[in-house]
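Quick note: our numbering has the sequence shown finishing at residue 281, numbered continuously throughout.
Here a beta-carbon is modelled for each residue, glycine too, at the ideal position from N, C-alpha and C.
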Amino acid sequence: MKLTITGSGTSHGIPVIGCKCKVCTSKSPKDKRFRTSAIIQEKDTYVVIDTGPDFRLQALNYGLCKLDAVLLTHAHADHVHGLDDIRVFTREKSIPVFSNTNTLAEVHNRYNYVFRQTQNGGGKPHIELVDCTNYNENNPLKIGSIDFVPVPMKHGTMQTTGWRFGKFAYLTDLNFLPISSFDRIKDIEVLIIDGLRTRPHETHFSFEQALEVAEKTTANKIYLTHICHDYTHDEIVKILEEKKKTHSNLVERLVAPSYDGLSIELE
Ligand SMILES: [Zn+2]
Ligand SMILES: [Zn+2]
Ligand SMILES: [Zn+2]
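Put into structure tokens, the structure is as follows:
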């Protein structure tokens with residue numbers, strides 16, 4: 015199974031429009047951060063987590079030619095405002111979009127035109143909203159050859175959904191992971207987790223908070239995502255190396271920022 019990070023940036027994307035900071039003007043490809051998203055592939059199964067405003071370019075850049083399902087973490091604009099562009103994959107059949115109840119209600123509201131009769135012409139995506147609430151570690155959601163388990167999370171007052179598949183867990187956007195959700199990410203090897211910046215934030219984990227959750231898991235590779243423009247990729251690598259020293263549980267593990275194009279493959 016292969017996970018590709020197609021976007022590792024916070025809501026406005028990096029570079030931020032009009033910003034002249036060192037990160038937004040950096041020439042390094044690792045400092046260009048599309049809105050947070052990932053492609054999961056195993057054999058002939060292709061799944062996307064979140065379809066933000068950069069979805070079209072992400073699909074083109076990473077050669078996405080097939081799509082079996084979309085998993086949404088939540089309905090914030092930076093995670094769903096590219097959903098219309100999946101319509102090229104829905105000519106022959108509708109594509110299921112899985113998330114929790116409140117996210118799907120919001121998507122239905124935001125994409126109202128998709129679900130009502132409109133005139134012919136002016137294509138629209140054929141999607142089927144499917145509530146993932148009743149799936150869990152004992153009853154996973156099966157898409158092609160992959161089993162997915164939704165992981166309930168809190169993003170401020172909003173209920174968001176992380177996803178576990180194989181030995182991966184993909185958790186964004188959150189600032190709290192309920193104890194019961196740790197049961198859903200047992201025995202993982204790779205953790206992708208929200209880590210916005212070093213300073214605290216009302217609805218996202220800081221680097222420190224992300225590491226506090228990471229050290230309670232079995233992941234030996236830990237990557238931050240949803241990163242803002244406070245630091246370059248190389249600076250974050252150094253910050254995390256220092257932070258690791260204060261978490262005895264993490265010293266032997268890889269703790270690093272993710273970046274657009276990062277690809278991780280596990281058996
Ligand atoms: Zn977000
Ligand atoms: Zn900037
Ligand atoms: Zn959000």
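- [ ] Using three-state DSSP, classify residue 184 as helix, strand or coil.
- [x] strand
TODO: Leaving out five residues on either side along the sequence, give the residues of the same chain with a beta carbon under 6 Å from the beta carbon of residue 69.
DONE: 96, 99
Task: Exposure label - residue 91; buried when at least 16 CB within 10 Å - done: exposed
- [ ] Might you give, ordered along the chain, the residues of its own chain that have their beta carbon closer than 6 Å to the beta carbon of residue 62, omitting 5 neighbours on each side?
- [x] 53, 84
Task: Assigned exposure category for residue 43 - 16 Cβ within 10 Å defines buried - done: exposed
Task: Contact set for residue 47: own chain, Cβ-Cβ below 7 Å, skip 5 residues either direction - done: 21, 22, 23, 27, 28, 241, 274
- [ ] Confirm, please, whether the CB-CB distance from residue 183 to residue 199 is below 8 Å.
- [x] yes
Task: Sequence-distant residues of its chain with Cβ nearer than 6 Å to residue 11 (five each side left out) - done: Residue coverage of the chain in this structure runs from 15 to 281, which leaves residue 11 outside it and unanswerable.
Open item on the list: Can you tell me whether residue 72 is buried or exposed? The criterion is at least 16 other CB atoms within 10 Å of its CB, across all chains shown.
Closed with: buried
Task: Cβ-based burial, residue 49 [other Cβ within 10 Å; buried from 16] - done: buried
- [ ] May I ask whether a heavy atom of ligand 3 can be found less than 7 Å away from the beta carbon of residue 197?
- [x] no
- [ ] Would you decide whether residue 186 is buried or exposed? Buried here means 16 or more other CB atoms lie within 10 Å of its CB.
- [x] buried
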